[in-house]
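Encoded as structure tokens, the structure appears first; notes follow it.
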Amino acid sequence: MSKDEVKLKRKERESDSKDHKKEKRERKDKKEKKDKKEKKEKKEKNDKAKEPIPEIGSETKEPSTPKPVSSGASAVSTREFMESNNITIEMAEESNDKPPRPMLSFDELHGKIDAKLKDRLDMEGFEKPTLIQSCCWPVLLEGRDMVGVAETGSGKTLAFGIPALEYVIQQSPSKKGKAKIQVLVIAPTRELAIQTRDNLARVAEPLGYGVFCLYGGVSKGEQLRQMKEYVLPVHIVVGTPGRVLDLAREGSLDLGRVSYLTLDEADRMLDKGFEPDIRAIIGMTRSHEEGRHTNMFSATWPPAVRGLAETFMRLPVRVTVGSDVLSANRRVSQTVEVLDDGRMKERRLNSFLRSIDAQKTNEKILIFALYKKEAQRVENTLRRWGYRVSGIHGDLSQHDRIANLEAFRSASTPLLVATDVAARGLDIPNVEYVINYTFPLTIEDYIHRIGRTGRGGKSGKALTFFTDEDKAHAGELIRVLKDAEQPVPKEMDRFPTTIKRKTHSSYGDHYKELVPGKAKKITFDDDD
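Per full-length UniProt numbering, the sequence shown starts with residue 1, numbered consecutively.
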């Protein structure tokens, strides 16, 4: 090879080397630019997720959802509204969307729901949404899954009911022909299920959409016949877990079209041992991929409820009004009378009722006994003293239960003696007094009992008889009283105040578990 050829080859190699280095440098520069861009986008994404909740009426980009909802302009900031009312709205960790803004008036539903439904709400004369309604409507009308944590009596039925009815209206443009069950509401007790059904029917049935209730204690065949012959096509079913599952398993109830599912008082149902039933029921409805919307409501946020949400809900929003730990309603004035002898209770009850002139007033007084026989005995004693009184407990037929509840609701019998079957979920307005004739088995039941008064933002009064037989609950009761800034009677000093800290999946640290193990399933055909 000549010298010229060698020089030429060398120049070609040098040129190739320069081109290779240039290409390598360009690739490096390109990678650095890409990394910087991704880092910037990630930072912007994180900053966006940390942004504060926007002011009501401010311009924000709504999440990409089936039906975006925004609140109207208001001078009150969302943050002020939420802080003053102890409200939190938490998005799922995987979501980068901002929390929907609360709706502060029924007028803000205009244009967000069907005009006929809005007109029906106007006819009902509602003044303003409750706190849970204000926060739940924007979430549920966007088609999101949701967990609502709030005390009973906070207006939860309409909180999930209005979005449920809007869903039915949009999915059922024609009410002719055979109806399919599209909405399923599961409640822990038949009394709560009946109450929920009645509240939903007030709004739904004038629009032509039937709401039917399924519960135990009556013939399955008779219930199915009534549902089949119902005056309106049944689009919404409210029921207890046991009866709904029984009918679904035997093929009498088709849940295959259910795409809007509500679990009401979820913590209560799990505490009663209904988790397997609930999971089976959910498995019979449409899946998330098929478009099911799921929401649940609970008075607390224990591990068992969290587990259910994580399993069956898709990026759920959690709305909490107040505390997610079980605590007494601060609007209830609590009085505890320590009695040396349990036989003194009857005399003290008579004395108290006379002191408030209960025979001449129509003030509603709810008296709790521990067992059916005790409830019946107290009811008979009150009737013998001349009081208008009725009872509700497991020995009564369903017909008598409903009749007695209605009599109490209307104050035609202003005194009602109940066992804990009525301790939770029932929304009976204007209960002036709750009397714990016998202390319940758990402090949780005590809190739920006294929660029957002081509802809807009103104040209430609770009187509790406490004896030596109840001393195991002294420490927990004192804690509840102090937390609610209520007086602790000096006589309580004689009882041990240590609290054995135990946890339970349904109640968390507040639950006193007497016998370790899984919750025992309780049927409501014979409630206590």
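For glycine and all other residues, C-beta sits at the position ideal for the given N, C-alpha and C. Bear in mind the structure is a predicted one, so any value in this text is a computation, not a measurement.
- Distance from the CA of Gln170 to the CA of Thr311, rounded to the nearest whole angstrom, comes to 28 Å.
- Annotation: the continuous alpha helix (DSSP H) that includes His448 extends over Ile443 to Ile450.
- Boundaries for Arg257: no alpha helix (DSSP H) harbours it, and the DSSP string shows neither H nor E there.
- In the DSSP annotation of this structure, Lys360 is not part of any beta strand (DSSP E), being labelled neither H nor E.
- In the three-state reduction of the DSSP assignment, His393 falls in the coil class.
- According to the DSSP secondary-structure assignment, Ile169 is paired through a beta bridge with no residue.
- Less than 8 Å separates the beta-carbon of Ala266 from that of Ser298.
- Leu270: member of the alpha helix (DSSP H) spanning Ala266 to Asp271, first to last residue.
- Taking the Cα of Tyr215 as reference, the smallest distance to any Cα among Arg243, Thr196, Glu476 and Val234 is reached at Arg243.
- In the pairwise beta carbon analysis, the segment 428 to 439 is classified as touching the segment 456 to 463: at least three pairs are separated by under 8 Å.
- Assigned with DSSP and collapsed to three states, Phe274 falls in coil, not helix or strand.
- Within the segment 204 to 251, the complete beta strand (DSSP E) segments at least 3 residues long are 210 to 214 and 234 to 239, listed from N- to C-terminus.
- In the three-state DSSP reduction, Met146 falls in the strand class (E or B).
- Residue environment analysis places Arg120 among the buried positions, since at least 16 neighbouring C-beta atoms fall within 10 angstroms of its C-beta.
- The distance from the Cβ of Thr294 to that of Met313 is about 5 Å, consistent with a contact at the 8 Å cut-off.
- It is roughly 26 Å from the alpha-carbon of Gly307 to the alpha-carbon of Leu426.
- In the DSSP assignment, Ala187 is bridged to no other residue.
- Uninterrupted beta strand (DSSP E) stretches at least 3 residues long and entirely within the segment 316 to 364 occur at 317 to 321 and 332 to 338, given in chain order.
- Within 10 angstroms of the beta-carbon of Glu108 lie 16 or more other beta-carbons, which makes it buried.
- Rounded to the nearest angstrom, the Cβ distance from Ser252 to Leu224 is 6 Å, consistent with a contact under 8 Å.
- For Ile428, there is no enclosing alpha helix (DSSP H), since its DSSP letter is neither H nor E.
- When His393, Lys345, Glu94 and His473 are compared, the shortest CA-CA separation from Glu191 is found for His393.
- DSSP places Ser84 in the uninterrupted alpha helix (DSSP H) bounded by Thr78 to Ser84.
- Exclusion of the five residues before and after Ala164 leaves Val183 and Tyr260 as the residues of its chain whose Cβ lies within less than 6 Å of its Cβ.
- Of the candidates Val321, Lys373, Glu374 and Leu245, the residue whose Cα lies closest to the Cα of Gly155 is Val321.
- Lys461 is bridged by DSSP to Ser333 and Tyr433.
- The C-beta separation of Leu207 from Leu117 comes to about 7 Å, placing the pair in contact by the 8 Å criterion.
- With distances taken between CA atoms, Leu255 lies nearest to Gly283 out of Leu415, Asn362, Gly283 and Asp493.
- According to DSSP, residue pairing for Leu415 in a beta bridge involves Ile365 and Val389.
- Of the candidates Ala411, Ala204, Ile194 and Glu151, the residue whose Cα lies closest to the Cα of Gly161 is Ala204.
- In this structure, DSSP gives His473 a helical state, which the three-state scheme calls helix.
- The beta carbons of Tyr387 and Ala407 sit about 13 Å from each other, so the pair does not count as a contact at 8 Å.
- For Asn404, same chain residues with a beta-carbon under 8 Å away, outside a window of 5 residues either side, are Ser390, Gly391, Ile392, Leu396, Thr413 and Leu416 in chain order.
- Taken atom to atom, the span from the alpha-carbon of Leu245 to that of Asp198 is near 22 Å.
- Here Lys180 has Arg257 as same chain residues with Cβ atoms under 6 Å from its own Cβ, once five neighbours each way along the sequence are excluded.
- Close CB contacts of Ile478 within its chain, under the 8 Å cut and outside five residues either way in sequence, are with Val488, Met492 and Thr497 (chain order).
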